[in-house]
Every structure is written in structure tokens, then in C-alpha cells.
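K.L.:
Submitted below is the structure of interest, expressed as C-alpha cells.
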Amino acid sequence: MKTQVLFILFFLAIQSFAFAQKSKPSATATKPVDFTIPLTPEKWDFQAGKVDFVDYKGQKSMKLAPNSGQVVLKDWVFKDGTIEFDVELILPEFAQSIYFHRKDEKEQEIVYLRVGTIGNKLTNNAIQYTPYFDAINMWDMYPQYQGPAPIKGGDWNHIKLVISGHQMRVYMNNQAQPVLEIPKLEGNLTEGSIAFEGASYIANLQIKPNETEGLTPQEGVDLSNHETNYLRKWAISSPTDLPPGSEAFLGNQPKAEQFTDSIHAERAGFINLTRKFGGNKSRKVVWLKTKIMAKENVKTKLQLGFSDEVWVFLNKQTVFVDKNLFQQAAMRKYPEGRMSKDNASFDINLKPGENELLIAIANDFYGWGIVARLESTEGITGIDEVGSVVKLAVELANLDVAPYVGVYSNPGVNFKFSFSKKDKTLLAKAEGKDEFAMQAMGNHTFRLDQFGVVIEFKPGEKKLLLKQGGDVKEFVRE
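Structure below.
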């Protein structure tokens, strides 16, 4: 009887379990996410009369007219993920562009197709990535961020951007290999709106936030970090106007006290003046100064990339002058007027000890900057010695020349020196001679380059030492 009862209880338990399983609601199938962005007027900001929303070749499309301006997707902030779309170019047109990480037309990043390269499989500038700084398209400063692309005319081109943190890959027409691989996005912003520009039909736009296909967000390798040859640190002046037709020369260089700031190179040794100072509406010049230390006489070459014009001075001697002007075909440096360390190479002769390298860079066209690399570091003991330059500049900027003012004489010399001040400048005058402005050198020392004279004051002793060639004379303040 006991056995029979246990059997009945076991049977009832099984029935209850089976009923529960049948009664349990089935899991709801996951609905696929639709990443499609509607190509309808209410989703976009655009100039009236410049955009139409049409059916084209069986696709709902957004048609951008020539000179459309930027057509901006409303209410969307994009950071990381995938953007893909189909585009057919409307000829003639210079470029078809997609912007991302966009704050406004001054700060944004762009990938664009150069339409004139259609059919040219060997061109290396069919597609380009570049940032904008202060409304300046930096295309001429990043030749490494352009390349060939299989652009089709009269047909759809499929474009996919995969963006993850610092990196981006761009694919075209479903090819497995990217047409662009950007190891570091150079823009100032990491998120922002999306926009299109350039005469074209846009269709099948999808934006997939955070879908990065395994692309690492970390910055890619900068192979120039494996070389000590690059001159990466410079003391720097503020920009000043340089009217057309005028040149930089030692006589109009900034005073030593104007080098209170410094700048460090970005990737590949790039001294990015546009990022620091913004765009130029007129021709301006900036001066860079650094020091190179040598243990002996050294002859090497300086490889110099620049945009647009440079004047190079070593130890107060002019050693190189050149221009890289894209707008004048005959003045374009290799490669095609872009900035590259391959723009120029020239000899420099270093003396034992400290060598002062001074470069003036002028600009009034797109990007502004230099990259400087020593061909060899043999015999060189130090570079990037800018700390002393900036320290001296700060000292001189705060210098009070009043303690040096007065009349100084030496019984064995038949003339006297009188010193006066004008603003922060110390003026020197010998009896019967013209008055000259002294150049402050720091540590109570001044020079008169016109005469090869150096004067060292000793304020506590009310004396000065006049040094010229190997001769030293002491003068006492009256």
C-alpha cells in the first residue's frame, strides 16, 4: 500500500511539471534594430532650394545640388560607431564630403572624395581625411591621410566609416581592405553632428552607434617616435603681420624676450601652428627657436617640411630660404604642394657647443606648420634645448633696466659711456657718437651687434665690463 501511494505522488509531480512547462510563455523574438536614418526634409537642416528628397534608381534619396553648403542631420550627436551610405556623384563637382564630430563649420572632421579622380586607379589623392581647425581645412598638412579609391561615376558608391576612439577605417564598395586607415583622428572634438556636402544623391544612410567592428579606440603607433632625429620642441613667438612682398630676415626677428612660449611636435614631428593660432586672414609670420648641442664640428642635412614660406638661420647666418606655394604650380614642393619632410633638404654646419637654430614661417593659405628632421645625429649631444630660451625670455620680459642707467668712465679711456632707458630698452651712447639700443642677453649682460660689443653690468659694484674681441675694459659709474 505504501509503495502504491509513493507511485501516485510521483506521477502527480511529473504531471504538474509538464503542465508548468507547457504553460510557461515562450520567449519573445528579439526585434532587429533599424539603424536607417530617414531621408526626409524634417530630419535635415539645409539651404532652401539646395536639397530635394526624391526616388532615384529605386532608392529613396536625398539630392544635393551644386554649392549645397553643409546639409546637417538634426538632433544627432555621434561619437563612436559606424556610418554607411550609398552615394552617386553628380558631375561636374570637385568633392563629395561627409563631416562628423562636427561642432560647426569651424571645428569638424571630414572624409571626402575628389571627384576629378574618377577612372584614375593610380592616383594617391582620390579620398582624404582631414580635420578642420578654426575653419581651416588641413588637407595640405596631412598627405599621409589620403589615398587611392575605386570611385565609380554614374553609379552608386557604398561608403562605410568605422570610428572607434582615436582611430578610423574607411571602406568603399564592399572591398575587404580599407581605403583609409587613420591611426589617430586629429580633430579637437570627439563627438558632434553629421553632415553631407557636394552635388550627389545620398541613399541608404545608416548610423550604428558603438558598433566599431573590433577596432581599438587606442591611438595607433607613430613610427617617428622610433627616431631621435626630429626637432620636436621649439620656443615660439606670437604671429605678426608680414605684408605681401616683404621678407623675414635677421633684422626683423623678434627680440629675445618675445620667446616666452613653447610648442611641442604632434605625430610625425609636426609643429602644428594652425592648431595653436587658428586661421590667417592675411599673411602672417611666426618665429621658432631651438638649440642644438654638438661635441665637435658637424656637417649634416636638415630635412624640412613647411607651409607656406620659410627662412632658416643658424648661428645668426642665413642658411636656407624657400616657398611651398600650392596656388603657383611652379612653386609646389614635392609631394604636390603638401607639407612633408621631403619638401626640402639642405646642409647645416654646426660648431662645437651650442648652436642656435631660428626659423621664420609665413602663411596665408590653408594649413600652417613645419616638420624638421636631422638626417644624422652623429656628433650631436643634445637637441630640443628650449628651456633656457624660454627662461631667458621670461627674465627679459620682466627686466627693469633702471639700475644700469648712468654715466660710466675709465681713466685710461678718452670717452665716457652714458646709458638711459626708453620703456624697457636700455640705450647706450658714447661721447660724440649716435645712441644705440642695447640687446639684453640676461644675467646683467647686453650686446651691441653693430660693433661686436658685449657689456656686462655689475650693479652691486657700480661697474661694467666692456668686452670687444679679446679686449676687456672696466668702467665705473660716476
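As numbered in mature numbering (1 follows the signal peptide of the UniProt record, and there is no 0), residues -20 to -1, 1 to 458 make up the sequence shown, in order.
From the three backbone atoms N, C-alpha and C, an ideal C-beta is built for every residue, glycine too.
1. By alpha-carbon positions, which one of Asp429, Glu289, Lys188 and Ala228 ends up nearest to Pro12?
2. Under 6 Å Cβ to Cβ from Ala324, same chain only, skipping five residues before and after it: list those, please.
3. Could you tell me which whole beta strand (DSSP E) segments of length 3 or greater appear in the segment 64 to 89?
4. For Ala228 versus Lys269, is the C-beta spacing smaller than 8 Å?
5. Are the CB atoms of His138 and Asn117 nearer to each other than 8 Å?
6. Can you name, in chain order, every residue of its own chain whose Cβ lies under 7 Å from the Cβ of Ile131, other than the five neighbours on each side?
7. Please name the residue, chosen from Val67, Ile17 and Glu89, that lies closest to Lys54 on a Cα-to-Cα basis.
8. Go to Val301, then tell me how far its alpha helix (DSSP H) extends in each direction, as first and last residue.
9. Determine the closest residue to Gly167 out of Ile182, Ala309, Ala179 and Gly145, with distance taken between C-alpha atoms.
10. Counting C-beta neighbours from all protein chains within 10 Å, is the total for Phe395 16 or more, i.e. buried, or is it exposed?
11. Starting from the Cα of Arg263, find the closest Cα among Glu237, Phe286, Thr220 and Gly231 and give me that residue.
12. Please list, in chain order, all residues of the same chain as Asp202 whose beta carbon is under 7 Å from its beta carbon, the five residues on each side excluded.
13. With DSSP as the reference, identify every bridge partner of Arg457, one or two as the case may be.
14. Quick one: using the 10 Å Cβ neighbour count with 16 as the cut-off for buried, is Glu22 buried or exposed?
15. Quick one: what's Phe431 bridged to in DSSP?
16. With Ser217 and Val266 assumed to form a contact (beta carbons below 8 Å), what rounded beta-carbon distance in angstroms separates them?
17. May I have the straight-line CA-CA distance separating Thr20 from Ala373, to the nearest angstrom?
18. In whole angstroms, what is the alpha-carbon distance linking Glu171 and Asp135?
19. Kindly give me the distance between the Cβ atoms of Gly200 and Pro163, rounded to whole angstroms, as I take these residues to be in contact under 8 Å.
20. Using only CA atoms, which one of Lys83, Met42 and Lys43 lies nearest to Lys59?
21. Which residues share a DSSP beta bridge with Ser173?
22. For Thr405, which beta-bridge partners are listed by DSSP?
23. Taking only the alpha-carbon atoms, compute the straight-line gap between Gly362 and Glu355 and give it to the nearest angstrom.
24. Give the straight-line distance between the Cα atoms of Phe431 and Val370, rounded to the nearest whole angstrom.
25. Measure the C-alpha to C-alpha separation of Phe113 and Asn343 and round it to an integer number of angstroms.
26. Applying the criterion that 16 or more other CB atoms from any shown protein chain within 10 Å of the CB defines a buried residue, is Ala28 buried or exposed?
27. What is the DSSP secondary structure of Pro219, counted as helix, strand or coil?
28. Please confirm if the segment 272 to 280 is in contact with the segment 307 to 323, defined as three or more CB-CB distances below 8 Å between the two stretches.
29. So with Cβ pairs under 8 Å, would you call Arg212 a contact of chain B?
30. Here's a check: name, in chain order, each residue in its chain whose Cβ is nearer than 8 Å to the Cβ of Val95, leaving out the five neighbours to either side.
31. Identify, in the order they occur along the chain, each residue of the same chain with its Cβ nearer than 7 Å to the Cβ of Glu454, setting aside the five sequence neighbours on each side.
32. Roughly how many angstroms separate the alpha carbons of Ile435 and Ile90, rounded to a whole number?
33. Kindly indicate which residue of Val142, Trp24, Pro223 and Pro439 has the alpha-carbon position closest to the one of Gly386.
34. Is Thr357 closer than 8 Å to Asn260 when the C-beta atoms are compared?
35. Tell me the DSSP secondary structure of Asp120 in three-state form.
36. Suppose only complete runs of 3+ residues qualify. What are the beta strand (DSSP E) ranges in the segment 179 to 228, listed by chain order?
P.N.:
Taking the structure as given:
1. In the sequence shown, residue 12 corresponds to position 32, counting from 1. Comparing Cα-Cα distances from Pro12 to each of Asp429, Glu289, Lys188 and Ala228, the minimum goes to Lys188.
2. Here the question's residue 324 lines up with position 344 in the sequence shown. Taking Ala324 as the centre and dropping the five residues before and after it, the same chain places the C-beta of Leu284 and Asp302 closer than 6 Å to its C-beta, in chain order.
3. The DSSP assignment places complete beta strand (DSSP E) segments of no fewer than 3 residues inside the segment 64 to 89 at 75 to 82, in order along the chain.
4. On the sequence shown, residue 228 is found 248 positions in, with the first residue counted as 1. On the sequence shown, residue 269 is found 289 positions in, with the first residue counted as 1. No.
5. Locating residue 138 in the sequence shown gives position 158, where the first residue counts as 1. Locating residue 117 in the sequence shown gives position 137, where the first residue counts as 1. Against a cut-off of 8 Å, the Cβ pair of Asn117 and His138 comes out as no contact.
6. Residue numbering aside, residue 131 sits at position 151 when the sequence shown is read from its first letter. Leu93, Thr97, Ile98, Ala106 and Asn137.
7. Residue mapping note: residue 54 aligns to position 74 of the sequence shown, counting from 1. Comparing Cα positions, the closest option is Ile17.
8. The count along the sequence shown starts at 1 and reaches residue 301 at position 321. Taken as a continuous stretch (DSSP letters only), Val301 belongs to no alpha helix (DSSP H), being part of the beta strand (DSSP E) at Gln297 to Lys303.
9. Taking the first residue of the sequence shown as 1, we reach residue 167 at position 187. Taking only the C-alpha atoms, the option nearest Gly167 is Gly145.
10. In the sequence shown, residue 395 corresponds to position 415, counting from 1. A residue is called buried when at least 16 other Cβ atoms come within 10 angstroms of its Cβ; Phe395 does not meet this threshold and is exposed.
11. Locating residue 263 in the sequence shown gives position 283, counting from the first residue. The option with the nearest alpha carbon to Arg263 is Thr220.
12. The residue labelled residue 202 in the question sits at position 222 within the sequence shown. Shown here for Asp202: same chain residues with a beta carbon closer than 7 Å to its own, the five before and five after excluded, namely Arg247 and Ala248 in chain order.
13. For this step, residue 457 is matched to residue 477 along the sequence shown. According to DSSP, which records beta bridges pairwise, Arg457 is partnered with Tyr388.
14. Here residue 22 corresponds to residue number 42 of the sequence shown, with the count starting at 1. Flag for Glu22 reads exposed.
15. Here residue 431 corresponds to residue number 451 of the sequence shown, with the count starting at 1. Per DSSP, none; premise fails for Phe431.
16. By one-based count along the sequence shown, residue 217 stands at place 237. By one-based count along the sequence shown, residue 266 stands at place 286. Ser217 to Val266, Cβ: 6 Å. Contact.
17. Reading the sequence shown from its first residue, position 40 is the one you call residue 20. Reading the sequence shown from its first residue, position 393 is the one you call residue 373. Cα to Cα, Thr20 sits roughly 59 Å from Ala373.
18. As a first step, residue 171 must be located in the sequence shown, where it is residue number 191. As a first step, residue 135 must be located in the sequence shown, where it is residue number 155. The alpha-carbon of Glu171 is positioned some 31 Å away from that of Asp135.
19. The sequence position of residue 200 within the sequence shown is 220, counting from 1. The sequence position of residue 163 within the sequence shown is 183, counting from 1. Yes, Gly200 and Pro163 are in contact; Cβ-Cβ is about 3 Å, under 8 Å.
20. Counted from its first residue, the sequence shown places residue 59 at position 79. For the residues Lys83, Met42 and Lys43, the minimum Cα distance to Lys59 belongs to Lys83.
21. Sequence index remark: in the sequence shown, residue 173 carries index 193 (1-based). For Ser173, the pairing in a beta bridge is given by DSSP as Arg82.
22. Here the question's residue 405 lines up with position 425 in the sequence shown. In the DSSP output, where bridge partners are listed per residue, Thr405 has Lys402.
23. As a working note, residue 362 is residue 382 in the sequence shown. As a working note, residue 355 is residue 375 in the sequence shown. Each residue's Cα considered, the two are about 15 Å apart.
24. As a working note, residue 431 is residue 451 in the sequence shown. As a working note, residue 370 is residue 390 in the sequence shown. A straight line joining the alpha-carbon of Phe431 with that of Val370 spans about 27 Å.
25. Within the sequence shown, numbered from 1, the residue matching residue 113 stands at position 133. Within the sequence shown, numbered from 1, the residue matching residue 343 stands at position 363. Spanning the alpha carbons of Phe113 and Asn343 requires a straight line of approximately 15 Å.
26. Working through the sequence shown from its first residue, we reach residue 28 at position 48. It counts as exposed.
27. Position 239 of the sequence shown holds residue 219. If DSSP states are grouped into helix, strand and coil, Pro219 belongs with coil.
28. Contact between the segment 272 to 280 and the segment 307 to 323 is absent, with fewer than three C-beta pairs closer than 8 Å.
29. Among the chains of the structure shown, chain B does not appear; only one protein chain is present.
30. Working through the sequence shown from its first residue, we reach residue 95 at position 115. If we look at Val95 and ignore the five residues flanking it on each side, its Cβ neighbours are Leu69, Leu71, Pro72, Glu73, Phe74, Ala75, Gln76, Ile131 and Gly178.
31. Counted from its first residue, the sequence shown places residue 454 at position 474. So the list reads Asn390, Lys443 and Leu445, once near-sequence residues are dropped.
32. For the purposes of this step, residue 435 is taken as the residue at position 455 of the sequence shown. For the purposes of this step, residue 90 is taken as the residue at position 110 of the sequence shown. Those two C-alpha atoms are separated by around 56 Å.
33. Residue mapping note: residue 386 aligns to position 406 of the sequence shown, counting from 1. Ranked by Cα distance from Gly386, the options Val142, Trp24, Pro223 and Pro439 are led by Pro439.
34. Within the sequence shown, the letter at position 280 stands for residue 260. Within the sequence shown, the letter at position 377 stands for residue 357. Cβ atoms of Asn260 and Thr357: not closer than 8 Å.
35. What you label residue 120 is simply residue 140 of the sequence shown in a count that begins at 1. If DSSP states are grouped into helix, strand and coil, Asp120 belongs with the helices.
36. Taking only runs of at least 3 residues, the beta strand (DSSP E) segments lying wholly in the segment 179 to 228 are 180 to 189 and 213 to 216.
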